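S.K.: Here it is, the structure, as structure tokens.
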Amino acid sequence: MGSAVLATSGVSVRFGGVHALADVDFEAEQGAITAIIGPNGAGKTTLLNVISGMVTPSGGSIRFDGRDITAAPAHERARGGMVRTFQNLEIFSNMTVLENVAMGCHGRLSVPAWHSMLRTPRSRRIEADIRREAMEALEFVGMAEYALATAKDLAFGRQRALELARALAARPRLLLLDEPAAGLNIAETQALAAMIVRIRDTYGLSVILVEHDMELVMGISDAIMVLCFGQTISRGTPAQVQKDPKVVAAYLGGDEE
Amino acid sequence: MSYRKDMIWLGCFFALLMLAPAALPNNYFLTILILGCLHSLNAVGLCLLVGHAGQISLGHAGFYGLAAYSSAWLSATAGWPVEASMLAGVALTVAVSFLIGMPSLKLKGHYLAMATLGFGIILSILFTETVDITGGPSGFVGIPRLSFFGHEVKKDLGLYRIVAGVLCLAVWLAFNLLHSRIGRALRALHTSEKAAQAMGVDIARYKLFVFVLSAAFSAVAGVLYAHYLTFIAPSSFGFMFSVELIVMVVLGGMVSVPGAIVGAFFVTVLPEFLRAFENVEVVLFGAILILCMMFLPDGMAGGWNRLWARVRRAWAARRATGAAHG
Numbered sequence: 069m070g071s072a073v074l075a076t077s078g079v080s081v082r083f084g085g086v087h088a089l090a091d092v093d094f095e096a097e098q099g100a101i102t103a104i105i106g107p108n109g110a111g112k113t114t115l116l117n118v119i120s121g122m123v124t125p126s127g128g129s130i131r132f133d134g135r136d137i138t139a140a141p142a143h144e145r146a147r148g149g150m151v152r153t154f155q156n157l158e159i160f161s162n163m164t165v166l167e168n169v170a171m172g173c174h175g176r177l178s179v180p181a182w183h184s185m186l187r188t189p190r191s192r193r194i195e196a197d198i199r200r201e202a203m204e205a206l207e208f209v210g211m212a213e214y215a216l217a218t219a220k221d222l223a224f225g226r227q228r229a230l231e232l233a234r235a236l237a238a239r240p241r242l243l244l245l246d247e248p249a250a251g252l253n254i255a256e257t258q259a260l261a262a263m264i265v266r267i268r269d270t271y272g273l274s275v276i277l278v279e280h281d282m283e284l285v286m287g288i289s290d291a292i293m294v295l296c297f298g299q300t301i302s303r304g305t306p307a308q309v310q311k312d313p314k315v316v317a318a319y320l321g322g323d324e325e
Numbered sequence: 521m522s523y524r525k526d527m528i529w530l531g532c533f534f535a536l537l538m539l540a541p542a543a544l545p546n547n548y549f550l551t552i553l554i555l556g557c558l559h560s561l562n563a564v565g566l567c568l569l570v571g572h573a574g575q576i577s578l579g580h581a582g583f584y585g586l587a588a589y590s591s592a593w594l595s596a597t598a599g600w601p602v603e604a605s606m607l608a609g610v611a612l613t614v615a616v617s618f619l620i621g622m623p624s625l626k627l628k629g630h631y632l633a634m635a636t637l638g639f640g641i642i643l644s645i646l647f648t649e650t651v652d653i654t655g656g657p658s659g660f661v662g663i664p665r666l667s668f669f670g671h672e673v674k675k676d677l678g679l680y681r682i683v684a685g686v687l688c689l690a691v692w693l694a695f696n697l698l699h700s701r702i703g704r705a706l707r708a709l710h711t712s713e714k715a716a717q718a719m720g721v722d723i724a725r726y727k728l729f730v731f732v733l734s735a736a737f738s739a740v741a742g743v744l745y746a747h748y749l750t751f752i753a754p755s756s757f758g759f760m761f762s763v764e765l766i767v768m769v770v771l772g773g774m775v776s777v778p779g780a781i782v783g784a785f786f787v788t789v790l791p792e793f794l795r796a797f798e799n800v801e802v803v804l805f806g807a808i809l810i811l812c813m814m815f816l817p818d819g820m821a822g823g824w825n826r827l828w829a830r831v832r833r834a835w836a837a838r839r840a841t842g843a844a845h846g
């Protein structure tokens, strides 16, 4: 697979004596939706944290677009085109919806600090660009009408959509979604599935998805990796993974023979 | 608040500052106004640091004092021109704040509060103990008065106008910053450092930036203070003044720049009115602060916003009933 946008090799993470991840090789192909699934505590979110730079692995390496980013801090990875959402929403609750999404443009539409302090024409142009692109991202997720609302006043489902819009405003090449369907009802989850596919098709980006909702995962994923106790136990297309006896055993607690 | 509203506020504030001396009965009140402006300058910087970025400093009195003492020493003892001393005093303070901030802002949690607390106390001891340089507890006397290109600003009124102008300039810079991507990034890292990082914000760098900026505001206030009073003493730059500065920002409502200024003037002016009560002055001062926090939990800015909203609702209701009757 020469077209891997992201690849980890031999990634290990220890929390005290616990091996949260043990020697994990993971690949996400360019333009694909790749899901990471597994039972609770399998290390899915830890893997996402390693990829996005929030957790430093004790071993192994991470390559993004062919570059080794193992040592790069989280904000540099974000500026490099890798943006994530959070399982427990991390919206900027006291800011308006538009300001939240504007934060997505932060790394991309930049200007030296003194321009901002003196409000130079260049700073004003950048602020206008940020505003316009933030509005576009809000329109994409269908939330333009809430632009001036305070983020914490939104309903939970809209806060999830807000996080997605904020991530999109960054125009990432790789979008990391940490349990985007958590707390959503069935209708909202179906809308989310359509949205993820539409994002991928419109922006041509790659998606890595950590998710518990199997219907969502099996419906939209091009490839799936299954983690169990920090180890890879299966990988392949949704059909292959579903048939894998090791996966069935991991979920249903059967014998592994 | 929109940028335009903030600018209208700033215009009104500037006009008020320029007109205020005409309404004052004597020069003593002008002194209080100048001190109020200098305290406001400190408070505006702290409002950015504490209110917006959520980083607590308990040592800004140290920066205030460091700038005041270094400019005083350079001009009075080393014989530098006043302008050069002031620039050097501010530059030195900025450099020191950079050195203090760099290690402590890389850590999460309240390390900045601890580091600045220690720093402030160390400086306060230095001001008192290095008698040969600072004059010790009895103070540093004979500081030349503020002057530009050999022209000394003799009258307090002229000096007041300069200080008020500098304050308004600082407020303008602060408003610009808050209405820009940097202001958003500061508020963002205050709410969620994780999410701010995920949006590409180098949080250590932004924290350091706003810390150094707020120290620079205090430094400018410090050098103006020294060359206005021509006498400085360590008691003005102690730990209690750092706390007072935080109180000004909290009273103002944390995130509001106008609030911080109102808080600063309040804390400056209130003791003057309480002088008449002599022994119980401190108790009254504390009681008033407690009452403020009880009834204005979101500060004076928050209280004002609620009052204004109520007036507008009442106005709308009156217009509605008026229309129904008419």
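Read top to bottom, the protein sequences are chains X and Z.
Residue numbers for the first sequence follow our numbering, beginning at 69 and rising by one.
Residue numbers for the second sequence follow our numbering, beginning at 521 and rising by one.
Think of the CB as a built atom: it goes at the ideal place given N, C-alpha and C, for glycine as much as any other residue.
It should be emphasised that the depicted structure is a prediction, and the values quoted were computed from it without experimental measurement.
1) For X/R226, which residues from the same chain have a beta carbon less than 7 angstroms from its beta carbon, with the 5 sequence-adjacent residues on both sides left out?
2) In this structure, how does DSSP classify X/S129 when only helix, strand and coil are distinguished?
3) What are the boundary residues of the alpha helix (DSSP H) that Z/F761 is part of?
4) To the nearest angstrom, how far is the alpha carbon of Z/V740 from that of Z/F786?
5) To the nearest angstrom, how far is the alpha carbon of X/L116 from that of Z/K727?
6) Smallest Cα separation from Z/D722: which of X/M171, X/T113, X/I101 and X/A223?
7) At the 8 angstroms Cβ level, is Z/R524 part of the contact set with chain X, yes or no?
8) Using a threshold of 8 angstroms, state whether the C-beta atoms of Z/R665 and Z/T750 are closer than that.
9) Take Z/V691 and list the residues in its own chain whose beta-carbon comes closer than 7 angstroms to its own, dropping the five residues that flank it on each side.
10) Assign X/R241 to one of three DSSP states: helix, strand, or coil.
11) Within the 8 angstroms Cβ cut-off, does X/I198 reach chain Z?
12) Go to Z/L607, then tell me how far its alpha helix (DSSP H) extends in each direction, as first and last residue.
13) Show which residues of chain Z have a CB atom less than 7 angstroms away from the CB atom of X/M122.
14) Verify the CB distance criterion: does Z/V691 have a CB-CB separation below 8 angstroms to chain X?
15) Only counting the same chain, and skipping five residues up and downstream in sequence, which positions put a Cβ closer than 8 angstroms to that of Z/F533?
16) How many whole angstroms separate the CB atoms of Z/L625 and Z/A724, which I take to be in contact at a CB cut-off of 8 angstroms?
17) Please list the partners that X/A238 has in chain Z, where partner means a Cβ-to-Cβ separation under 8 angstroms.
18) Taking only the alpha-carbon atoms, compute the straight-line gap between Z/E603 and Z/F639 and give it to the nearest angstrom.
19) Check this for me: beta carbons of X/T114 and X/Q155, under 8 angstroms apart or not?
20) With a threshold of 16 other CB atoms inside 10 Å of the CB of Z/W828, please say whether the residue is buried or exposed.
21) If I measure Cβ to Cβ from X/M69 and keep anything under 8 angstroms in the same chain, skipping five residues before and after, which residues do I get?
22) When you compare each of Z/A587, Z/G629, Z/F759 and Z/L558 to Z/I642 by their alpha carbons, which one comes out closest?
23) Please state the DSSP three-state secondary structure of X/H174.
24) Reducing DSSP to helix, strand and coil, say where Z/A690 ends up.
25) Please state whether the Cβ-Cβ distance between Z/I702 and X/A196 is less than 8 angstroms.
26) Could you tell me the alpha carbon to alpha carbon distance between Z/L537 and Z/G556, rounded to whole angstroms?
27) Between which two residues does the beta strand (DSSP E) containing X/D91 stretch?
28) Report the residue from Z/V803, Z/T654, Z/A708 and Z/V763 whose alpha carbon sits nearest the alpha carbon of Z/A598.
29) With a CB to CB cut of under 6 angstroms and the five nearest residues on each side skipped, what residues in its chain are close to Z/G591?
30) Figure out for me which residue from X/L177, X/A202 and X/R200 has the closest Cα to the Cα of X/R190.
31) Taking Z/T636 as part of the beta strand (DSSP E), name the residues at either end of that continuous run.
32) So, helix, strand or coil for Z/E672, using DSSP?
33) Are the C-beta of X/V316 and some C-beta of chain Z separated by less than 8 angstroms?
34) Counting only the same chain and skipping the five closest in sequence on each side, list residues whose C-beta sits under 7 angstroms from that of X/A229.
35) Flag this pair as touching only if the region 575-586 of chain Z and the region 791-800 of chain Z have three or more C-beta atom pairs under 8 angstroms; answer yes or no.
36) Using a Cβ cut-off of 8 angstroms (strictly closer), state whether Z/I576 contacts chain X.
M.R.: So, to answer that:
1) The sequence position of residue 226 of chain X within the first sequence is 158, counting from 1. Correct list, in chain order: M211 and Y214.
2) Within the first sequence, numbered from 1, the residue matching residue 129 of chain X stands at position 61. Reduced to three states, the DSSP call for X/S129 is strand.
3) Here residue 761 of chain Z refers to the residue found at position 241 of the second sequence. Per DSSP, Z/F761 belongs to the alpha helix (DSSP H) from F759 to G772.
4) Counting from one through the second sequence, the residue named residue 740 of chain Z turns up at place 220. Counting from one through the second sequence, the residue named residue 786 of chain Z turns up at place 266. Looking at the two C-alpha atoms, the distance is approximately 21 angstroms.
5) Residue mapping note: residue 116 of chain X aligns to position 48 of the first sequence, counting from 1. Residue mapping note: residue 727 of chain Z aligns to position 207 of the second sequence, counting from 1. Roughly 26 angstroms separates the two Cα atoms.
6) Locating residue 722 of chain Z in the second sequence gives position 202, counting from the first residue. Nearest option by C-alpha distance: X/M171.
7) For the purposes of this step, residue 524 of chain Z is taken as residue 4 along the second sequence, with counting starting at 1. Closer than 8 angstroms: no.
8) Counting from one through the second sequence, the residue named residue 665 of chain Z turns up at place 145. Counting from one through the second sequence, the residue named residue 750 of chain Z turns up at place 230. Their beta carbons are under 8 angstroms apart, which means Z/R665 touches Z/T750 by this criterion.
9) Residue mapping note: residue 691 of chain Z aligns to position 171 of the second sequence, counting from 1. Hits under 7 angstroms: L530, V564 and V777.
10) On the first sequence, position 173 is the one that residue 241 of chain X refers to. Correct three-state label for X/R241: coil.
11) Along the first sequence, one-based indexing puts residue 198 of chain X at 130. X/I198 counts as touching chain Z.
12) Counting from one through the second sequence, the residue named residue 607 of chain Z turns up at place 87. Counting along the chain, the alpha helix (DSSP H) containing Z/L607 begins and ends at V602 to L625.
13) As a first step, residue 122 of chain X is located in the first sequence; it is residue number 54 there, counting from the start. Chain Z residues near X/M122: K714.
14) Sequence index remark: in the second sequence, residue 691 of chain Z carries index 171 (1-based). For Z/V691, the answer is no, since every Cβ of chain X falls outside 8 angstroms of its Cβ.
15) Here residue 533 of chain Z refers to the residue found at position 13 of the second sequence. Result list for Z/F533: C688, V691, P778 and I781, in chain order.
16) Mapped onto the second sequence, residue 625 of chain Z falls at position 105. Mapped onto the second sequence, residue 724 of chain Z falls at position 204. Here Z/L625 really is in contact with Z/A724; their C-beta atoms are around 6 angstroms apart, less than 8 angstroms.
17) For the purposes of this step, residue 238 of chain X is taken as the residue at position 170 of the first sequence. Those are M719 and G720, listed as they occur along chain Z.
18) Here residue 603 of chain Z is taken as the residue at index 83 of the second sequence, counted from 1. Here residue 639 of chain Z is taken as the residue at index 119 of the second sequence, counted from 1. In this structure, the CA atom of Z/E603 is about 27 angstroms from the CA atom of Z/F639.
19) Counting from one through the first sequence, the residue named residue 114 of chain X turns up at place 46. Counting from one through the first sequence, the residue named residue 155 of chain X turns up at place 87. In this structure, X/Q155 does not lie closer than 8 angstroms to X/T114 by Cβ.
20) Your numbering for residue 828 of chain Z matches position 308 in the second sequence. With fewer than 16 Cβ atoms within 10 Å of its Cβ, Z/W828 is classed as exposed.
21) Numbered from its first residue, the first sequence carries residue 69 of chain X at position 1. Reliability fails at X/M69, whose pLDDT of 45 lies under 50, so the model's placement of it is uncertain and the value that follows must be treated cautiously. Hits under 8 angstroms: E95 and E97.
22) Here the question's residue 642 of chain Z lines up with position 122 in the second sequence. For the options Z/A587, Z/G629, Z/F759 and Z/L558, the alpha carbon positioned closest to that of Z/I642 is the one of Z/F759.
23) Start at 1 with the first residue of the first sequence, and residue 174 of chain X comes out as number 106. For X/H174, the secondary structure class from DSSP, reduced to helix, strand or coil, is coil.
24) Numbered from 1 along the second sequence, position 170 holds the residue referred to as residue 690 of chain Z. It is helical.
25) Here the question's residue 702 of chain Z lines up with position 182 in the second sequence. Here the question's residue 196 of chain X lines up with position 128 in the first sequence. Pairing Z/I702 with X/A196 gives a Cβ-Cβ distance that is not under 8 angstroms.
26) To locate residue 537 of chain Z, count along the second sequence from 1; it is residue 17. To locate residue 556 of chain Z, count along the second sequence from 1; it is residue 36. Approximately 11 angstroms between the Cα atoms of the pair.
27) Here residue 91 of chain X is taken as the residue at index 23 of the first sequence, counted from 1. Annotation for X/D91: the continuous beta strand (DSSP E) segment containing it runs V86 to E97.
28) Reading the second sequence from its first residue, position 78 is the one you call residue 598 of chain Z. Ranking the options by Cα distance to Z/A598, first place goes to Z/T654.
29) Within the second sequence, residue 591 of chain Z is the residue found at index 71, counting from 1. A small fix is needed here, since residue 591 of chain Z is Ser in this sequence, not Gly. Cβ within range, chain order: S605, M606, G609, V743 and A746.
30) The sequence position of residue 190 of chain X within the first sequence is 122, counting from 1. Nearest C-alpha to X/R190: X/L177.
31) In the second sequence, the residue the question calls residue 636 of chain Z occupies position 116. Careful: Z/T636 lies outside any beta strand (DSSP E), inside the alpha helix (DSSP H) at Y631 to E649.
32) As a position in the second sequence, residue 672 of chain Z is number 152, starting the count at 1. Secondary structure at Z/E672: strand, using DSSP grouped into helix, strand and coil.
33) The sequence position of residue 316 of chain X within the first sequence is 248, counting from 1. Taking Cβ atoms only, chain Z never reaches closer than 8 angstroms to X/V316, which makes this a no.
34) Walking along the first sequence from the start, residue 229 of chain X turns up at place 161. Closer than 7 angstroms at Cβ, skipping near neighbours: V209 and M211.
35) Verdict: no, contact absent.
36) Sequence index remark: in the second sequence, residue 576 of chain Z carries index 56 (1-based). It does not; no Cβ of chain X falls within 8 angstroms.
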